[in-house]
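Trainee: Start counting the sequence shown at 607; every next residue gets the next number (the working numbering). Just so you know, even glycine gets a beta-carbon here, dropped at the ideal spot from N, CA and C.
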Amino acid sequence: MSFASWSLRGKLVAIGITFPAVLIAILFCLYFFQTKTASEAALVDKAMGITLTAESTRLNMEDKWEIGAFTPQQLQEWAHQGRDGQRRILEAVPVVSALRAAAMQSEAGGYEFRAPKINPRNPRNEPDAIDLDALAELRATQPRLAAGEANSNATTRRDPERNQIRYYRAVYLGDTCLYCHGSASNPAHNIWPNPEENPEGRDPTGGLMEGMQSGDFHAAFMIAQDLDAADAQLSSTMMWGGLAALLALILGGIGFAVVIVRTVERPISAIANGLGEGAAQVSSASGQVSSASQSMAQGASEQAASLEETSSALEQLSSMTRQNAENAGQANTTTTEVEQAANRSRDSLQRMSDAIGKIKAGADQTAKIIKTIDEIAFQTNLLALNAAVEAARAGEAGKGFAVVAEEVRSLAQRSAEAARSTADLIRDSQQNADHGVQVSDEVAAVLGQIISGVTKVSSLVAEVSSATDEQAKGIDQLNQGVQQLDGVTQSNAASAEESASVSEELNAQAEDLHNMVAELLHLVHGVGHRSASAAVPQATVKRLGSS
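1. What first and last residue would you give for the alpha helix (DSSP H) that runs through residue 972?
2. Leaving out five residues on either side along the sequence, give the residues of the same chain with a beta carbon under 6 Å from the beta carbon of residue 1098.
3. Determine whether the beta carbon atoms of residue 708 and residue 862 lie at a separation below 8 Å.
4. In its own chain, which residues sit with a C-beta less than 6 Å from the C-beta of residue 965, not counting the 5 before and 5 after it?
5. Across which residues does DSSP place residue 823 in a beta bridge pair?
6. Name the one or two DSSP bridge partners that residue 772 has.
7. Which residues does DSSP list as the beta-bridge partners of residue 814?
8. Check whether the stretch 1120-1129 touches the stretch 879-892, counting contact only when three or more Cβ pairs, one atom from each stretch, lie closer than 8 Å.
9. Going along the chain, which residues of its own chain have a beta-carbon closer than 6 Å to the beta-carbon of residue 737, five neighbours each way excluded?
10. Rank 871, 655, 769 by C-alpha distance to the C-alpha of residue 711 and give the top, closest one.
11. Just to confirm, are residue 934 and residue 1070 a CB contact at a threshold of 8 Å?
12. Using CA coordinates, which residue listed in 832, 926, 1112, 734 is at the minimum distance from residue 1220?
13. How about residue 859 and residue 630: are their beta carbons less than 8 Å apart?
14. Three-state secondary structure (DSSP) at residue 719?
15. State buried or exposed for residue 1035, treating a residue as buried only when at least 16 other CB atoms are found within 10 Å of its CB.
16. Use the C-beta contact count for residue 1145: other C-beta atoms within 10 angstroms, 16 or more gives buried, fewer gives exposed.
17. Given that a residue counts as buried once 16 or more other Cβ atoms are within 10 Å of its Cβ, and exposed if not, what is residue 926?
18. Is the CB-CB distance between residue 627 and residue 831 below 8 Å?
19. Counting C-beta neighbours from all protein chains within 10 Å, is the total for residue 693 16 or more, i.e. buried, or is it exposed?
20. Do residue 1105 and residue 897 have their beta-carbon atoms positioned less than 8 Å apart in this structure?
21. By a C-beta neighbour count over all protein chains shown, 10 Å radius and 16 as the cutoff for buried, is residue 829 buried or exposed?
22. Tell me the rounded alpha-carbon separation between residue 729 and residue 839.
23. Given this structure, state the Cα-to-Cα distance separating residue 923 from residue 914, to the nearest angstrom.
24. Hey, how far is the Cα of residue 1004 from the Cα of residue 993?
25. Please state whether the Cβ-Cβ distance between residue 726 and residue 718 is less than 8 Å.
26. State the Cα-Cα distance for the pair residue 835 and residue 771, rounded to the nearest angstrom.
27. Flag this pair as yes or no: are the beta carbons of residue 773 and residue 657 separated by less than 8 Å?
28. Locate the alpha helix (DSSP H) running through residue 703, then write down its first and last residues.
29. May I have the straight-line CA-CA distance separating residue 818 from residue 638, to the nearest angstrom?
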């Protein structure tokens, strides 16, 4: 089972144990290396002490040579005494005394002491590969030692095969050492006063002299110490420490797990369950809001369409009302003009009636004059008759007068006839004038009624025009209100659509929250709780999808 499928408790406990375990492992490693280094340093210090003791012994022997406790003449004498003399010579050699002093307690001290050297006289000091490497380093550091650099006359090496640490301290030749390792041609080095006694150039011990100088690197004191005991003690310490640390980690892990369950896992589980329930409620509410918003948006769209149709109808009605108002205004103007024309007609009719009355009066006067003319014609006719009678009486003398009288009588008759015709015409004119006056009175009465009706119609048309104007203004205001209501409805539709979109986004976020809750429960409890925690959001999604 992979680490990702672990429960939160398991992960936290694992992490809580891993870090201390890693820290303990690091500390153990540091302790191991420090202890091992300290053990090796202690062994090196021990070896340094041994070599310093050997060096002190060598220097002490050098001091004895300086005070004359040993002399070259003694070496010469001992050289002739055979084996006993050889032992005395070796006892007088400073480095031999140092070697014996260091090797004397080697077994008791638990170390191995040798003096490796190139071409040693003692086969036991034959250097191996590690010795050769150390000798080469010490030889190379001789100039630095001569320059006063401290700690350049010693070095260490590890022998992995024998599990040893080796400490090397350089041995440099002193003046006393030259009796054996100096030059045979140098009288100060050669103990034989007569060169013929030492033709091969041998030292007092019988070895060939090497022609070296005082201060030259000659060999090294080597202390080899086993690391098995220190390693065994370190391993035992590490083992018991590891067991103690393991027990502490186990107990700490158990305690940490209990703390995690009480302080982390249970509260997180409760929070996750609460979040899951809240997310389910949010999903349900967002679904209902989305459905209501969609219904609202659809209703608002239909209402907006109806309001647009109503607005269009009101616009047409407003246009027709304005047209009616204009027509009513024109009708009011026309009735006013008709009323004014009727008033003018009534005035003209009154003037015509007055003129007809005057004509009738003139006709009456003319009738009187005609009557007078008729009377004059009648009298003239009578006079003409009288004149004719008188002319007939006068005879011949009166014939001319009779003709005149006849003409006068004829004219009088004609005048009488003309007067009678004129009188008839005047009577007809009087009758027509009377009838015209009567008709003009009737027309005046009708015109009065027409004027009264036109006045009422004009008043009604004015009222209709004013009402139509008010109606047009009201329809315009109503149209503006409908347009504002249409804008509000469209805004509501847009808001409803936006609410639906927001609710869908909220639903998606709630679903994401469900998924995060499922992941949180999976993180807290492990693999087995993923499917169970995912059941709630799936059911919610299905319910929202059906809505």
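Mentor: The relevant details are as follows:
1. Run containing residue 972: 872-1000, per the alpha helix (DSSP H) assignment.
2. Apart from sequence neighbours up to five positions away, the residues of its chain that approach residue 1098 with a beta-carbon distance below 6 Å are 906, ordered along the chain.
3. no
4. Closer than 6 Å at Cβ, skipping near neighbours: 1039.
5. 778
6. Its beta-bridge partners are 763, 830.
7. 808
8. yes
9. The residues are 722.
10. 655
11. yes
12. In the structure as shown, the chain starts at 607 and stops at 1153, and residue 1220 therefore has no counterpart that could be examined.
13. no
14. DSSP places residue 719 in strand when its eight states are reduced to three.
15. buried
16. Note on residue 1145: pLDDT 45, under 50, position unreliable in the model; the coordinate value appears next. Exposed, since its Cβ has fewer than 16 Cβ neighbours within 10 Å.
17. exposed
18. no
19. exposed
20. no
21. buried
22. 35 Å
23. 14 Å
24. Roughly 9 Å between the two C-alpha positions.
25. Contact: no.
26. 12 Å
27. yes
28. That run of the alpha helix (DSSP H) goes 700-710.
29. 46 Å
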